[in-house]
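In UniProt numbering, each residue's number is its place in the sequence shown (first place is 1) plus 6.
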Amino acid sequence: ASKPIDLLIYGPRKEVIDQGFPAGYVLHKCERADDLEKLSDEARGRIRGIAVTGLVPTGAAMLARFPKLEIVASFGVGYDHVDSAWAAQHGVIVTNTPDVLTEEVADTALGLLIATLREFIRADKYVRAGRWQTQDYPLSTGSLRDRKVGMVGMGRIGQAIARRLDASLVPVVYHSRKPAPGVAYKHYPNLIEMAKEVDTLVVITPGGPTTAKLINAEVLDALGPRGVVINVARGSVIDEAALIEALKSGKILAAGLDVFAAEPTVPEELRAMDNVVLLPHIGSASVVTRNAMNQLVVDNLKAWFSGRPPLTPVAETPVKGR
Ligand code: 8YV
7 ASKPIDLLIY GPRKEVIDQG FPAGYVLHKC ERADDLEKLS DEARGRIRGI
57 AVTGLVPTGA AMLARFPKLE IVASFGVGYD HVDSAWAAQH GVIVTNTPDV
107 LTEEVADTAL GLLIATLREF IRADKYVRAG RWQTQDYPLS TGSLRDRKVG
157 MVGMGRIGQA IARRLDASLV PVVYHSRKPA PGVAYKHYPN LIEMAKEVDT
207 LVVITPGGPT TAKLINAEVL DALGPRGVVI NVARGSVIDE AALIEALKSG
257 KILAAGLDVF AAEPTVPEEL RAMDNVVLLP HIGSASVVTR NAMNQLVVDN
307 LKAWFSGRPP LTPVAETPVK GR
């Protein structure tokens with residue numbers, strides 16, 4: 007029999023991943039960073055693959071502790087929690103889980119946009135409180151009808167959101183560092199210029215240092231008093247203090263947020279506002295989509311260790327032919 011393949015399963019427990027590997031694989035499970043200390047040196051020395059099952063920080067120092075590491079298969083399309091540059095330098099493959107969540111996250115974004123504009127959450131509370139008995143719910147200030155959306159990011163999910171906006175007859179433009187190939191929407195290399203031209207921002211760009219606090223006070227100023235900001239990307243992309251200030255002062259109208267700077271902590275100031283809709287990072291969080299994402303983590307590792315190329319390597323990864 008061939009030698010067993012040792013894997014570290016790092017992060018929250020996932021049934022599909024725990025059950026995903028046939029005989030011949032040895033799984034070492036660590037839910038938190040502290041648990042890594044309980045791995046013997048001998049086990050660490052044998053581990054050839056890591057499944058990162060959630061947003062657990064997977065930096066250079068952590069990865070460097072595994073001398074035989076070949077591949078890190080990360081759960082989620084965003085992988086700003088994994089040091090993919092270090093991995094590339096050390097010939098370690100990193101994979102993520104794109105495509106299988108695209109339509110789900112796009113659904114969430116459009117739902118969040120409409121819920122924010124048309125005040126669904128406030129209206130629901132109104133019904134439950136029995137207030138409809140006395141008075142009709144007031145007309146919403148916001149509407150999708152008179153809006154122009156500036157997408158921040160036009161990757162696969164961005165394009166799926168834009169397609170939904172097309173169907174809703176809402177004009178779309180976008181900002182990204184480089185124009186997206188094969189995309190007909192107007193591209194703005196400059197975010198401030200775009201913010202001046204639109205009243206709605208939908209943020210769906212990767213996190214990490216290059217996009218940190220991209221949406222700042224100046225951008226929110228440019229967006230103006232009708233401004234609505236929807237974020238289904240990473241909390242790091244928005245200067246959260248500036249956003250709170252803009253919402254409080256009426257510099258912008260409303261926000262719909264699925265992600266926050268310090269999850270799962272959501273600033274008390276946001277929680278107290280009624281012109282925001284707050285979701286607990288559920289963009290991709292349905293059973294069907296999460297099963298597909300978990301399975302893709304498993305399938306990337308199984309492909310690699312059966313002598314095939316990884317299925318969905320990230321851009322930085324030097325994919326070696328097999
Ligand atoms: C994550 C996400 O998987 O795909 C992403 O980038 O944000 C989610 O789908 C989530 O952060 C849980 O780990």
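Where is the CB? At the ideal position from N, CA and C, for every residue including glycine.
Exercise for review: Kindly give me the distance between the Cβ atoms of residue 297 and residue 22, rounded to whole angstroms, as I take these residues to be in contact under 8 angstroms.
Suggested key: As a position in the sequence shown, residue 297 is number 291, starting the count at 1. As a position in the sequence shown, residue 22 is number 16, starting the count at 1. At roughly 6 angstroms, the Cβ-Cβ gap stays under 8 angstroms, so residue 297 and residue 22 are in contact.
Going by other Cβ atoms of all chains shown within 10 Å of its Cβ, with 16 needed for buried, is residue 310 buried or exposed? Stepping through the sequence shown from its first residue, residue 310 is reached at position 304. Counting Cβ neighbours within 10 Å, residue 310 comes out buried, since at least 16 surround it.
Practice prompt. Over the uninterrupted alpha helix (DSSP H) stretch that includes residue 225, give me the two end residues.
Written response: Within the sequence shown, numbered from 1, the residue matching residue 225 stands at position 219. It spans 223-229 - the alpha helix (DSSP H) in which residue 225 sits, taken as one unbroken run.
Member of 181, 147 and 214 whose CA lies at the smallest distance from the CA of residue 195
Taking the sequence shown and counting its residues from 1, the one referred to as residue 195 is at position 189. Cα-wise, what sits closest to residue 195 is 181.
Review point. Between residue 259 and residue 234, which are expected to be in contact by the criterion C-beta below 8 angstroms, what is the C-beta distance as a whole number of angstroms?
Key: Within the sequence shown, numbered from 1, the residue matching residue 259 stands at position 253. Within the sequence shown, numbered from 1, the residue matching residue 234 stands at position 228. About 6 angstroms separates the two Cβ atoms, so the contact holds.
task: Indicate whether residue 51 and residue 35 have their beta-carbon atoms separated by less than 8 angstroms.
output: Residue 51 sits at position 45 when you count from the first residue of the sequence shown. Residue 35 sits at position 29 when you count from the first residue of the sequence shown. No, the pair does not count as a contact, with Cβ atoms beyond the cut-off.
| Through-space distance from residue 274 to residue 248, alpha-carbon basis | Start at 1 with the first residue of the sequence shown, and residue 248 comes out as number 242. Start at 1 with the first residue of the sequence shown, and residue 274 comes out as number 268. Going from the Cα of residue 248 to the Cα of residue 274 covers about 15 angstroms.
Determine the burial state of residue 118: buried for a count of at least 16 other Cβ atoms within 10 Å of its Cβ, exposed for fewer.
-> Indexing the sequence shown from 1 puts residue 118 at position 112. So residue 118 ends up on the buried side.
Query - Residue from 60, 30 and 285 with nearest C-alpha to residue 10 - result: To locate residue 10, count along the sequence shown from 1; it is residue 4. Comparing Cα-Cα distances from residue 10 to each of 60, 30 and 285, the minimum goes to 30.
**Report entry** Alpha carbon of residue 80 to alpha carbon of residue 149, nearest angstrom
**Finding:** Walking along the sequence shown from the start, residue 80 turns up at place 74. Walking along the sequence shown from the start, residue 149 turns up at place 143. If you draw a straight line from the Cα of residue 80 to the Cα of residue 149, it is about 38 angstroms long.
Exercise. With distances taken from CA atoms, which of 54, 308 and 78 is nearest residue 5?
Worked result: This structure leaves residue 5 out entirely; the chain is present only between 7 and 328.
Select from 123, 290, 54 and 132 the residue whose C-alpha is nearest the C-alpha of residue 207. For this step, residue 207 is matched to residue 201 along the sequence shown. Comparing Cα-Cα distances from residue 207 to each of 123, 290, 54 and 132, the minimum goes to 123.
- Distance between residue 134 and residue 140 (C-alpha atoms, nearest Å): Residue mapping note: residue 140 aligns to position 134 of the sequence shown, counting from 1. Residue mapping note: residue 134 aligns to position 128 of the sequence shown, counting from 1. Roughly 13 angstroms separates the two Cα atoms.
Kindly provide the ranges of any beta strand (DSSP E) runs that are 3 or more residues long and lie completely inside the region 120-160, ordered along the chain.
Counting whole runs of 3 or more residues, the region 120-160 contains the beta strand (DSSP E) stretches 155-158.
Which residues does DSSP list as the beta-bridge partners of residue 86? The residue you call residue 86 lines up with position 80 of the sequence shown. None, per the DSSP bridge assignment.
Q: With DSSP as the reference, label residue 237 as helix, strand or coil.
A: Along the sequence shown, read from residue 1 onward, the residue named residue 237 stands at position 231. Residue state, collapsed to three classes: strand.
Fill in: the ligand 8YV heavy atom lying under 7 angstroms from the CB of residue 84
In the sequence shown, counting from the first residue as 1, residue 84 sits at position 78. Because some heavy atom of the ligand 8YV lies under 7 angstroms away, the Cβ of residue 84 counts as near it: yes.
**OP:** Just list the beta strand (DSSP E) runs in the region 243-278, keeping only unbroken ones of 3 residues or longer that don't cross its boundaries, in chain order.
**Re:** 260-263
**Request:** Determine the closest residue to residue 162 out of 43, 173 and 106, with distance taken between C-alpha atoms.
**Result:** As a working mapping, residue 162 is identified with position 156 in the sequence shown. Relative to residue 162, the option among 43, 173 and 106 whose CA is nearest is 106.
For this session: Count the CB pairs spanning the region 302-322 and the region 38-55 that are closer than 8 angstroms, and state whether there are at least three.
Result: yes
>> When you measure from the CB of residue 266 to every non-hydrogen atom of the ligand 8YV, does any distance come out below 7 angstroms?
In response: Counting from one through the sequence shown, the residue named residue 266 turns up at place 260. Flag unset: Cβ of residue 266 not near the ligand 8YV.
Legend entry - Boundaries (first-last residue) of the alpha helix (DSSP H) holding residue 303: Here residue 303 corresponds to residue number 297 of the sequence shown, with the count starting at 1. Note, residue 303: alpha helix (DSSP H), 293-311.
Helix, strand or coil: how does DSSP classify residue 97 here? Counting from one through the sequence shown, the residue named residue 97 turns up at place 91. Residue state, collapsed to three classes: coil.
Note the first and the last residue of the continuous beta strand (DSSP E) segment covering residue 55.
Position 49 of the sequence shown, counting from 1, holds the residue named residue 55. 53-58 is the span of the beta strand (DSSP E), which, as asked, contains residue 55.
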